[in-house]
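Some notes on the structure that comes next.
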Amino acid sequence: MDMLVKLYALPDSRPAYDRLLKAGIVMRRALAPEKHEVVAWVRETFSEAWASETEVAFSRLPVSCFIAIQQKKIVGFACHDAACRNFFGPTGVAPKAQQGGIGKALLFACLEDMKHQGFGYAIIGGVGPAEFYAKAVGAVAIEGSAPGIYRGLL
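All letters in the sequence shown, in the order written, are residues 35 to 188 by my numbering.
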């Protein structure tokens with residue numbers, strides 16, 4: 035299932051960003067020289083498919099991948115415009131770093147970036163935690179969207 039987000043009506047992201055700062059986590063757009071490291075981390079932590087999508091995010095200008103770093107180690111990532119234009123994802127947080135607000139802050143970073151690029155809406159493709167997205171950014175399900183763009187995926 036895919037979900038739709040109104041980028042023109044996003045909630046305030048400051049609390050999510052402040053939470054990371056207090057925890058000593060830096061969140062920022064990834065830089066081209068970091069591509070090998072970020073893609074390898076995504077491959078090892080999540081999947082080859084997500085690593086492929088992350089590589090596409092690095093081909094965008096500006097790079098459409100954001101990372102969260104704690105003690106000089108990647109603890110989370112989020113991309114947009116990777117599998118398809120106007121799509122958020124993939125995104126993931128290291129298992130040991132989950133429940134600390136990293137995923138929410140990365141979500142906001144990507145959605146705000148998409149808004150600044152002129153999009154009015156964003157699509158979250160192949161959603162896992164639908165309740166999280168609904169609560170965090172008011173995302174709503176798109177009826178009949180499964181399997182969506184992933185139909186026939188190898």
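Ideal Cβ positions, reconstructed from N, Cα and C, are used throughout, including at glycine.
Notebook entry, point to check: Which residue from GLY178, ILE103, ALA117 and ILE157 puts its Cα closest to that of ARG63?
Noted result: Nearest of GLY178, ILE103, ALA117 and ILE157 to ARG63, Cα basis: ILE103.
Next item on the list: Identify, in the order they occur along the chain, each residue of the same chain with its Cβ nearer than 6 Å to the Cβ of ALA139, setting aside the five sequence neighbours on each side.
Entry: Excluding positions up to five away in sequence, the list reads ALA50, TYR51, LEU54 and MET61.
Notebook entry, point to check: Could you check where the alpha helix (DSSP H) with MET148 kicks off and where it finishes?
Noted result: It spans 136 to 150 - the alpha helix (DSSP H) in which MET148 sits, taken as one unbroken run.
Next item on the list: Would you kindly report the start and end of the unbroken alpha helix (DSSP H) that includes VAL76?
Entry: Here the alpha helix (DSSP H) through VAL76 covers 69 to 79.
Notebook entry, point to check: In this structure, what does DSSP give as the bridge partners for LEU38?
Noted result: Its beta-bridge partners are ILE157 and VAL174.
Note to self: So if DSSP puts ILE59 in a beta bridge, which residue, or which two residues, is it bridged to?
What the structure shows: DSSP, once it has assigned bridges, lists GLN104 as partnering ILE59.
Item checked: At least three beta-carbon pairs within less than 8 Å, the stretch 114 to 126 to the stretch 156 to 165 -> Taking 8 Å as the limit for Cβ pairs, the verdict is that the stretch 156 to 165 does touch the stretch 114 to 126.
Margin query: Using C-beta distances below 6 Å, list every residue in its chain close to ILE176, excluding the 5 sequence neighbours before and after it, in chain order.
Written below: For ILE176, where only same-chain residues beyond five positions count, the Cβ hits under 6 Å are ASP36 and LEU38.
Note to self: Do SER98 and ASP46 count as a contact pair if the criterion is CB distance below 9 Å?
What the structure shows: No, these two residues do not count as a Cβ contact at 9 Å.
Next item on the list: Take VAL76 and list the residues in its own chain whose beta-carbon comes closer than 8 Å to its own, dropping the five residues that flank it on each side.
Entry: Counting only Cβ-Cβ distances below 8 Å, and skipping sequence neighbours, we find TRP84, ALA85, THR88, PHE111, PRO124 and GLY126.
Item checked: C-alpha distance - ALA74 paired with ALA117, whole-angstrom precision -> Approximately 18 Å, taken between the alpha carbons.
Next item on the list: Write down the C-beta distance between GLY172 and ALA43 rounded to the nearest angstrom, noting that I regard them as a contact closer than 8 Å.
Entry: Sure, about 7 Å apart at Cβ, within 8 Å.
Note to self: In whole angstroms, give me the CA-to-CA distance for GLY178 and GLU82.
What the structure shows: Approximately 27 Å, taken between the alpha carbons.
Checklist line | Simplified DSSP assignment, three categories, for ALA43 | finding: DSSP places ALA43 within a helical segment (H, G or I) once states are collapsed to three.
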